[in-house]
Structures are given as C-alpha cells and as structure tokens.
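2 protein chains.
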Amino acid sequence: MVLRLSTLFLRTLRDDPADAEVASHRLLVRAGYIRRAAPGIYSWLPLGLKVLAKVEAVIREEMEEIGAQEVHFPALLPKEPYEATNRWTEYGDGIFRLQDRKGADYLLAPTHEEMFTLLVKDLYTSYKDLPVRLFQIQTKYRDEARPRAGLLRGREFIMKDSYSFDIDDEALEESYQLHRAAYVRIFERLGLEIIPVTATAGAMGGSKSEEFLHPTPIGEDTFVRSAGGYTANVEAVSTVVPAALDFTTAPAAEVHDTPDTPTISTLVDHANAAAPRDDRAWTAADTLKNVVLAARLPTGEREILVVGVPGDRAVDLKRIEATIAGHLGSGGEVAVETATEEDLAKHPGLVKGYIGPGLSLEDPVLGADATTGLRYLVDPRVVSGTAWITGANQPGRHVFGLIAGRDFGWDGTIEAVEVREGDEAPDGSGPLIAARGIEMGHIFQLGRKYAEALGLKVLDRNGKLTTVTMGSYGVGVTRAIAALAESNHDDRGIIWPRNVAPADVHLVATGKGTEVYEAAEKLAAELESDGLTVLYDDRPKVSPGVKFGDAELIGVPTIVVVGRGLAEGVIEVRDRRTGEAQNVAVDETAAFLRRLTAH
Amino acid sequence: MVLRLSTLFLRTLRDDPADAEVASHRLLVRAGYIRRAAPGIYSWLPLGLKVLAKVEAVIREEMEEIGAQEVHFPALLPKEPYEATNRWTEYGDGIFRLQDRKGADYLLAPTHEEMFTLLVKDLYTSYKDLPVRLFQIQTKYRDEARPRAGLLRGREFIMKDSYSFDIDDEALEESYQLHRAAYVRIFERLGLEIIPVTATAGAMGGSKSEEFLHPTPIGEDTFVRSAGGYTANVEAVSTVVPAALDFTTAPAAEVHDTPDTPTISTLVDHANAAAPRDDRAWTAADTLKNVVLAARLPTGEREILVVGVPGDRAVDLKRIEATIAGHLGSGGEVAVETATEEDLAKHPGLVKGYIGPGLSLEDPVLGADATTGLRYLVDPRVVSGTAWITGANQPGRHVFGLIAGRDFGWDGTIEAVEVREGDEAPDGSGPLIAARGIEMGHIFQLGRKYAEALGLKVLDRNGKLTTVTMGSYGVGVTRAIAALAESNHDDRGIIWPRNVAPADVHLVATGKGTEVYEAAEKLAAELESDGLTVLYDDRPKVSPGVKFGDAELIGVPTIVVVGRGLAEGVIEVRDRRTGEAQNVAVDETAAFLRRLTAH
Chain X
36 MVLRLSTLFL
46 RTLRDDPADA
56 EVASHRLLVR
66 AGYIRRAAPG
76 IYSWLPLGLK
86 VLAKVEAVIR
96 EEMEEIGAQE
106 VHFPALLPKE
116 PYEATNRWTE
126 YGDGIFRLQD
136 RKGADYLLAP
146 THEEMFTLLV
156 KDLYTSYKDL
166 PVRLFQIQTK
176 YRDEARPRAG
186 LLRGREFIMK
196 DSYSFDIDDE
206 ALEESYQLHR
216 AAYVRIFERL
226 GLEIIPVTAT
236 AGAMGGSKSE
246 EFLHPTPIGE
256 DTFVRSAGGY
266 TANVEAVSTV
276 VPAALDFTTA
286 PAAEVHDTPD
296 TPTISTLVDH
306 ANAAAPRDDR
316 AWTAADTLKN
326 VVLAARLPTG
336 EREILVVGVP
346 GDRAVDLKRI
356 EATIAGHLGS
366 GGEVAVETAT
376 EEDLAKHPGL
386 VKGYIGPGLS
396 LEDPVLGADA
406 TTGLRYLVDP
416 RVVSGTAWIT
426 GANQPGRHVF
436 GLIAGRDFGW
446 DGTIEAVEVR
456 EGDEAPDGSG
466 PLIAARGIEM
476 GHIFQLGRKY
486 AEALGLKVLD
496 RNGKLTTVTM
506 GSYGVGVTRA
516 IAALAESNHD
526 DRGIIWPRNV
536 APADVHLVAT
546 GKGTEVYEAA
556 EKLAAELESD
566 GLTVLYDDRP
576 KVSPGVKFGD
586 AELIGVPTIV
596 VVGRGLAEGV
606 IEVRDRRTGE
616 AQNVAVDETA
626 AFLRRLTAH
Chain R
36 MVLRLSTLFL
46 RTLRDDPADA
56 EVASHRLLVR
66 AGYIRRAAPG
76 IYSWLPLGLK
86 VLAKVEAVIR
96 EEMEEIGAQE
106 VHFPALLPKE
116 PYEATNRWTE
126 YGDGIFRLQD
136 RKGADYLLAP
146 THEEMFTLLV
156 KDLYTSYKDL
166 PVRLFQIQTK
176 YRDEARPRAG
186 LLRGREFIMK
196 DSYSFDIDDE
206 ALEESYQLHR
216 AAYVRIFERL
226 GLEIIPVTAT
236 AGAMGGSKSE
246 EFLHPTPIGE
256 DTFVRSAGGY
266 TANVEAVSTV
276 VPAALDFTTA
286 PAAEVHDTPD
296 TPTISTLVDH
306 ANAAAPRDDR
316 AWTAADTLKN
326 VVLAARLPTG
336 EREILVVGVP
346 GDRAVDLKRI
356 EATIAGHLGS
366 GGEVAVETAT
376 EEDLAKHPGL
386 VKGYIGPGLS
396 LEDPVLGADA
406 TTGLRYLVDP
416 RVVSGTAWIT
426 GANQPGRHVF
436 GLIAGRDFGW
446 DGTIEAVEVR
456 EGDEAPDGSG
466 PLIAARGIEM
476 GHIFQLGRKY
486 AEALGLKVLD
496 RNGKLTTVTM
506 GSYGVGVTRA
516 IAALAESNHD
526 DRGIIWPRNV
536 APADVHLVAT
546 GKGTEVYEAA
556 EKLAAELESD
566 GLTVLYDDRP
576 KVSPGVKFGD
586 AELIGVPTIV
596 VVGRGLAEGV
606 IEVRDRRTGE
616 AQNVAVDETA
626 AFLRRLTAH
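Those sequence lines, one after another, are chains X and R.
All the letters of the first sequence, read from the start, carry residue numbers 36 to 634 under the working numbering.
All the letters of the second sequence, read from the start, carry residue numbers 36 to 634 under the working numbering.
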C-alpha cells in the first residue's frame, strides 16, 4: 500500500525536542518516527513501526537460520523464579517491581533466563531433546537511573533475547559460536558497523562473554583495540603482569618523615633525595596508593575495603565493579564508591594521606600480618619483590622500599586502575588504542548457574541426571534503530541504510498542474506492483521546499521527484546520501528504481 | 520452513492441567500452544505464536482496509494522563500500579484512550487533518480479581485497540460504522461466530456502544435476542414502559395490619381478602419491593439508596451498576451491593420488612415529600397511576393501593431487575430469549469525554477551535484464539479453522522403512515450495498411535498420512473435523492439497 503523506499520521518538526542530547534522538522525533511518552519510554508512529518491522524481520530470519525457535514470554512475571536465582535481590533498584491486588510480588522482566530455564525444564527430560535454542522479540523493562539519548537507553525497549540449552560445554560452545556468527550477519545486514569485544559477564554470571559494540563517539562504553586485532571492553582488559622479582638482596624498607610532600611528584622527589636507589630513580609508578572504597552488596550490606594501586594510575571504579563480586563472595552486581568521611571515621587505624598496606601498624614493615581486618586487594602490577613508596600509617610519614611479598601481603589481586592508550594488549598484539561504543548485542556462556538454581537436569547418554549448560544472547532491537540513525545522518536528517528504510522510494510530486500528480500516481502504482514500497508526498498545497525538507529529514535513501522535468519527459532520481541527482526517462523510471533498490 | 516434530519445541500432554476449567484452556496447554507463567499470565510456544501471527494478520489487514494506521504505544505509562480523565481513580483495584525508583506513579495500561488523544493533540491542529483512525496490536494489563479459563480472562493479554478522531458526530458515526463492518469481516475470516449486541458504555463513558459476543455456554456475558432480530447485552435491555394511568378515580390507599405475611404470595392473598380490587385481583407484580442498596463510588464514598421494583422480579445488581453512575453524578464504575445490617442501623427510619417509598413517614400516602433523605429510584414499570402493595414504614403494616405519582414520587428511573426470557424486546420484535457469550470485541462512540479532559481541539472550517469527537474499538486477540479453540474442538483435540491453523497440513510418516520418510520429505518439500506450511511428524521412534493422537490434539485441519498405502502408490488425506479419509495417488497429492487448502 502506497503511504501517502496527505493522510499519513505524521508531522515533522522544525525544532529539536528540548530533551534530546544526541542526533538520533533529535532526528527520530523530528522526522516523526517516535514520540516520548515518559522518561525513557516511547511511542512508535507509523513510519517508526515500518523500520522496526524491517529490523525484526532480519533478526528473525537469522535466528531461524541457526535453528532457533521463536516463543514469547510475558513481561509481567512473578517474583519466585527470580528469587531462586537471587536476581530479585541482585537487581536492586534496576527493575520495576509491583504487587497485584492480592499483594503478590511481580516484576517487569529485564531479561528472561529464569523463565526459559523453567520452560525447558517443563518440556524436556533427555539429552536427546538437546540442543534447543529459543528466542523471542519482546518488550523489556529496566528502571534506569538515567534514561537518556532517546531509544539508546530506555526504560521500556524491545530486545531479541535467545537462550541455548546444551548437554555439555562443547555443545554450548557450538551454540555460542552459531549465535556469534548470526550476530555478525544481523549487523552486517542492518548496515551497522560492529566490533565484537571480550567482555565481563557482570550480573549475568557465567564464564565467556562478548559484547557487540557499535563504535560511536556518543557511546557509553569504552573499549580498546590493538593493531594486532585485540579488542575488549575496558572492564575486560587484563593487565600484562610483570614477572616476580627476587628480593633476597633488597635493602630494608625505611620509614621517613615526609613533610611538604602534598603530591606524588613531591613525594617521589623526596624519596630520590632521602633514600635514592642504586639501579634507577623512584618514579610515580613506584608509589603505592592505598584507596579506601565502600562496596554496596545487593543484600544492602556495605563493606569497607582497601585497594593498593600504582600511584601513576587512576582508580577505575567500573573495572573494579566488573570483578569485585567474586572477591566478596557475592552474587550479582556490587556497586563501588570511594569511602566517605563517615566510613573512615569508623576505622581510626586508617591515617588519612598516609595509609599503608599494613593498615594499623606502628611498624609497616610487618606488613599484612596485623591489619585492621579490612580486606586488602592490589593491582596486578603489585607482584612479589616489587619495591614501593607508600604511606607509613603514621601522620606525616612514608615508607620507602617496602617490598611486596616480603614486607606486606594482600587478600587478592584485582583490575583496579584505568586502561590507558599505549598499554600493551594482553595477547601481545601491540599497544592499545581506546574508542567509544554502544552495546548492540551481548552473548554469554552462562554455564550451569541458572540450570542449577532452578533444577534443570536431563538424563544423559548413560541414564544419569545431568545439569544442562546454557547460553544467553541479546540484541537491542529498538537501540539498533537509534544507532542506525546516529551513524547515518547529516545536518538535514536521517539517511537510512536501504535494508531498514521505512520505504524503498520517497516519491515527491511538485508543481501546480495536475500532470505531475497524475504521473506520480502512475509511477507509484507501477512501483508498488513491482513490490517496492513507496512513500508518496501527494500533498497538493505544500511547497517544494517543504516537501524536499521533509524527504531529507525522513531519510528514505532514494528520493524521486516528479516535477519540472516532466515537460521534457524525465523524472529526477536523487541519492539522499550523496545528493547526486540524475534524470531518467519517464518510461524507464520504474525499471531503473527496481534495479537501484534491489536488495 | 517445514516444522519438524523431531526438533519442534513441543511436548504434548496426556493429562489436563489441574487449573483448567474449560476445554480451550485444557487443549491449548495440552497441545503445546501456551504454558501458564502466573495466574492469568501465559507464555506462547512456537505453535501458539503461529496461530497468533495469523490472527493478527487478519486483523491488521482489515484495519488497514478502513484506512486505520498502525502505531504502537508503551504498556508502562505515567499516571498523569489517566488522572486528567479520572480513570486513575476510577479503575480502582482493576489495574496494575507501580512506582519507579524516583517514586513517580505509573500504571500498566489496560487501554489507551488517553495516550492516543494526547498523540493526536501533539500532531494535529486542523479539521483538515481529520478523520484519523489509529490502531495498535499491543499487550494490555488488567489486575482481574478472578483470572480464569486460560486466555479467556487473563491479566496480560493482547488486544487490537483502535481510536477514531472526527470533527463532528456525523463523521464519528461513519468511523464507527467502518469499524463495525471491519469487525464483522474480521470474525468471519477468523471463523468465529459473532453476534453484535447493543451494550452499555460502562467505565468508558460515551453514548453508543456495541459488543461483539461469541455465543458459547461458558461465556460470562448473558445476552438476549428476539426472533425479530433484536440483540442486546442484558445490561443494555430497556424495559418496555407501560403507559401512564389516569388516577383521578382511584380509591385512596389503605394501611392494614398484615400479620402472618412472611412471603409476597401470603401478602398478595391478604390484600385480595382485606382490600380487593374491582377490576382484577392483586398479583405479585402489583407489590412494590423497596430494596436498600449501598453504592461504592470510585472515590471510596459509600452512598445508601433505595430502589423500588415489582415484587415478582429479582433485583439485578449488574444492570443497576451499568447505569447507576449517571444517577449519582459519578464518573467511572460504581459497585453496588445489598446494604449491610450496619448500613441499615444508620437509618432508623427504614423499618426492615416494611419499607415503603415514603421512607420515614407515619402516613405513607404523603409520599416522597418527607423521605429520610435517601435517594429513591424505581424500576421503569413504576409509572404514574400504577397502584401498589408496599410497606407502610411501620412494623407489621403494609399499604394497599398506593398510587405512583399521587401518593409517592421518586428521584429517577433505573433498569434494576432481571431480564427474563419471554419479556418483550424493546423494539417490538417479539419475546426475548437468553444466551451466553464471550465479549470478543467492543466498539464505543466515546464522544468528547476524553478530548475535553485532555484538551484535544482543532480549528474547524470557520477557524474556530472545536473539540474533537472520538470512538474507541477493541478486539481481544489472545481471547479470540481461546474462543476459536473453545468452539472448534472434540474430545480428541482442537480443530482449527483453516485461516488460523498453525500449518496448512499436518504430515505424518508412519512405518519402519526409510521409504515412507523419503516420500514424506519429498512431499513436504513440494508443498513448501507451493507456499503451503507443513507440520511434519518425522519422529522415527514414535508409534503411529502417538503420532495420530498428537495430530488430532494439535488440530491442523488436514492430516496427511504417508504410511502403509505407499506400497500401493497412495497417500491418505484425512479431514480432522469429519474424520473422513481418502487415498490420493502419490504424484497427485501435492496438487490435491494445494486445492484443498486454497484460502
């Protein structure tokens, strides 16, 4: 059916919406694809639904191609399954919770691992039933603290989520790789540049995980890549760990008064003057900065801990958050922040500005044997035998040449500092460079976490009950549309990739006579019978300038103008992206467009 | 793509689910279309989604046929628009409410009048933009007190809802009639018998309204019809009002002691003995029963009122609820119940068992001039001049021959008693008969209620701002699937109408040799390339009995058996509904099935 602008439910806007920070948000609203209903919650107008249907169709095809079967779960779900996996607690404020009229607890599902696990448990009993791969394209809910950027970070949004169920790790790896390949094809077909990066599993649990990032300066995720092909989310980069050093001949550490050393640089100068080393001068990288942090567990508990990092690097709380849960023995997301004055006041052994690794000692060389009882984690660069300048746990005093593993110990090692451009890639593929991206997809090898929690076991080849191993895989469907608009626009509007455009052709009739409208009608009918979708600007009293402006704003990649040229027997075909125009003979226009738009 | 039972995510069940009361619920679960996730909340399995997609496609086509444009609104919506129309309060416990992390109030939308009104207000400004008709196929939420019967009354369900916006009443009537005709076509194409009945607007507000009921003994709605073609929801039946009588010559009413008249029948006997009439004997229909009711308003207030009805009829609280709001000047749904002892105790003027229309009088013939201040509504049969036997507001005493309009008045007339089979249809088309049905669709002329509340005005032909008039129209999509299964099954399973079946053909291969599987594969491929959808039971180790049982349970209308006959060059084609089977030559089977299944 030809979409006529004279009746299409659409009003383009000249002005940017007040709340729009990014181009995709501005343009999708202005061009009449979406409208805001509440913070992070959008309504879809007719043109928006056309794009959405195209994106969904591509995803659906590629999922079916890898043998995934479509199902559909409710969004409104009871608490119990999420309690069984502890996510009811772990999600904290991040989900919408509600009660029904009887007072039973429900949530609006942010993701469906539990329900898929229970459904497979309900239906299947044997290894012969596996593998099974299931997917849905469904509305998800997250109570984001800061919904932003239109569809990029919404509170009600559409995801394709799929789940694989396998009998063993090898089969899981196959399901995972099939999904990975399907995702590469999906984004390629959508025309969306994607970089798969190694990621951390986060609240999902599980072992192996990759994010599909769309590189864009407005992305919220920082990732790194090397010339040799390494890519990772910054949270997932592992530090190249230096070799341990022999400390048998290292001199004893010395405690010094360190007046007037307000900065690391002045402290280093002081050390080089007061306790110079034979082999090389002290640098900022030799200082050990002990940072007091507070971890908020999903249970609501607050643990105060200390992290020791080289003084030349800034602490990166997001990297700490990515793996801290394991150290604390906690499932789920743990939020980490700098300890407050109030936290510090509860630990008088911490001498602010002079905190050492041995937290409550008179003599810091005794090291970790006599701490305040606070957990002490260190950056991976703190290996046995390294010598450090650090606080002496006494006001106004530092210790120089404190040897890791000799003079102090630690409870664990954690990736705690910023990744910098120029750092070595962990696989030796060269120095890292940084970029920003949006997470468009995420694939996880969940392993047996959910199956164990919910009792999903099947009989194996030997008739023994065995726990199923799972993967989960997500694509942000509505987010993909925003990313496409973000990366395909100019200052006049959107420029859709052909595969997702709301129509194949935007046909504009301009002029006062009836001939142009008659010719345009005829062309529209011909194109439609050829299977092309046509957006036809048939508005009689609208100026050519407004019509062209709307066409460029809406962003169908091919704009066809039936106007002045008609008298000479030609129709103009414009490329929205390049702006190039050519005249095509009226009789040949339909065939020309058919070739041009053939997917 | 051929759906293979060897890999299809499906397990049929031998046993009925414990919570299933009706056939559609039992069979949709047992045949693997849906699974319960929570009370009134269901997950859709692959076969279920196929049926759902077909039903949605029919609805979408018919909506587009009447020029309705598809949009999509969020399910999670802020309180404010629903407050503007007072529905936030009026819905009471019937909707799911929640708060976000900032404490802002939200609801899961039960229907979207407010949001569509605001969207049209956002986009349109002139009569030239009208009419506009918009629809969505979307997930709705209602916190039903008693979710039941599987998909028939759920808490999360899919509806097609549409809304029309017109400049005047005449144009609204046209939008309404277009929808009405589209609904008739939709249900005809789905194969679902429907009776459109006159209905009351209920909480929706507005003037004209019709329900599309699917007649079935398990329906929750009672409706009536006459031989002459009248149909109505019982709540909407209007009583044939008798003509007023001249009372100038009527004798004065008499108050009598009425001992030993515990029933209406004994009271009538007493009247005929103590105060006989000249023209005809008193009957139960001449007694006026005054019933004290309590109305709970959406605001939480409780109003005690009295309703006077003929003693031969039972009060019908649902019929009272259908129109009481207007009498009380209340928007929204008002619940009505019999007054409690506690309510009565607060009104000592009400002499239990002897309540008359003049509620606190010594002398009831003084009528309504001196009531207790309680609202007094009467059945439409109480017309001026009618003579009644009723309570005298004194213990142990009744009054005989109390004349309506002479001896007592009333605050209003209300449809308050049961409709009975045999009552006259209000349009004179003969006596009514009663039946039960399920509401499959509902169409409303809303008028200007929502547009006024939300300020939707456009410029009319004269450049004057005028309030838009609206209609709203709903079809229960998931409910339609349940109704189809309910009305199309036998004791072995579902029998889908062809237009909504999950596949065109259910192909069963039976036998141990490879030939049957090869022949079946070949046929499946051929059918698929002809555009037919095939559900193929290719399970190698499953007995023919189980395969046929599953085929009959699943309910594809045509079952094709490649088995024993293959040796003689034939394939069996069975009709699921009639059980009739015929053998078709192998080479001709595909063509035969193409003809058979041609829609």
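Beta carbons are placed, not taken as given, at the ideal position from N, Cα and C, and that holds for glycine.
- Judged by beta-carbon spacing, residue 597 of chain X lies within the 7 Å limit of residue 551 of chain X, meaning their Cβ atoms are closer than that value.
- Scanning X:254, X:64, X:99, X:96 for the CA closest to the CA of residue 82 of chain X turns up X:64.
- Distance from the Cα of residue 249 of chain R is smallest, within the candidate group R:243, R:218, R:430, R:242, for R:218.
- Annotation: residue 337 of chain R has no Cβ neighbours in chain X at a cutoff of 8 Å; minimum Cβ distance is about 20 Å.
- DSSP places residue 230 of chain R in no alpha helix (DSSP H) but in the uninterrupted beta strand (DSSP E) bounded by 230–233.
- In chain R, no part has a C-beta under 8 Å from the C-beta of residue 520 of chain X; the shortest such distance is about 17 Å.
- Taking all protein chains in view, the Cβ of residue 581 of chain X is surrounded by fewer than 16 other Cβ atoms within 10 Å, so the residue is classified as exposed.
- Using a CB distance below 7 Å, the part of the segment 113–130 of chain R facing chain X consists of 113, 128, ordered along the chain.
- Listed in chain order, the alpha helix (DSSP H) elements of length 4 or more contained wholly in the segment 61–109 of chain X are 81–100.
- The criterion of a C-beta distance shorter than 7 Å is not satisfied by residue 111 of chain X and residue 77 of chain X.
- Less than 7 Å separates the beta-carbon of residue 480 of chain R from that of residue 242 of chain R.
- Segment contact: the segment 468–480 of chain R against the segment 124–142 of chain R, fewer than three CB-CB distances shorter than 8 Å; contact not assigned.
- According to the DSSP assignment, residue 133 of chain R belongs to the beta strand (DSSP E) that extends over 131–134.
- As computed with DSSP, residue 509 of chain R is found in a beta bridge with R:196, R:477.
- Nearest Cα to residue 342 of chain R within the set R:433, R:386, R:451: R:451.
- Around residue 106 of chain X, the beta-carbon contacts reaching into chain R at under 9 Å are 44, 78, 79, 80, 81, 83, 84.
- In this chain, the alpha helix (DSSP H) harbouring residue 581 of chain R covers 579–589.
- Per DSSP, the continuous alpha helix (DSSP H) segment holding residue 549 of chain R begins and ends at 549–564.
- Residue 465 of chain X places its beta carbon less than 7 Å from that of residue 262 of chain X.
- Residues 162, 202, 501 of the same chain have their beta carbon placed closer than 7 Å to that of residue 495 of chain X, with the five preceding and five following residues left out of the count.
- For the set R:546, R:369, R:434, the Cα lying nearest the Cα of residue 576 of chain R is the one of R:546.
- Neighbours of residue 99 of chain X across chain R, judged by C-beta separation under 9 Å: 36.
- Taking all protein chains shown into account, residue 199 of chain R has 16 or more neighbouring C-beta atoms within 10 Å of its C-beta and is therefore buried.
- Against chain X, the CB of residue 178 of chain R has a partner CB under 7 Å away; the residue lies at that interface.
- Residues 330, 332, 338, 369 of the same chain have their beta carbon placed closer than 7 Å to that of residue 363 of chain R, with the five preceding and five following residues left out of the count.
- The shortest CA-to-CA distance from residue 252 of chain X to any of X:529, X:55, X:423, X:470 is the one to X:470.
- Under DSSP, residue 343 of chain R shares a beta bridge with R:325, R:413.
- Taking 8 Å as the upper bound for CB-CB distance, residue 354 of chain X and residue 270 of chain X are in contact here, some 5 Å apart.
- Going by DSSP, residue 249 of chain R is part of the beta strand (DSSP E) stretching over 244–250.
- Per DSSP, reduced to three states, the secondary structure at residue 219 of chain R is helical.
- The contact set of residue 333 of chain R on chain X, defined by CB atoms closer than 7 Å, is empty, because the minimum CB distance reaches about 15 Å.
- Contact between the segment 524–538 of chain R and the segment 95–104 of chain R is absent, with fewer than three C-beta pairs closer than 8 Å.
- For residue 563 of chain X, none of the residues of chain R pass the 8 Å Cβ criterion, the least Cβ distance being about 14 Å.
- Contact annotation for residue 167 of chain X against chain R: 44 [CB-CB distance below 7 Å, chain order].
- With contact defined as three or more Cβ pairs closer than 8 Å, the segment 624–631 of chain R and the segment 558–568 of chain R are in contact.
- Of the residues R:48, R:276, R:386, the one whose Cα lies closest to the Cα of residue 431 of chain R is R:386.
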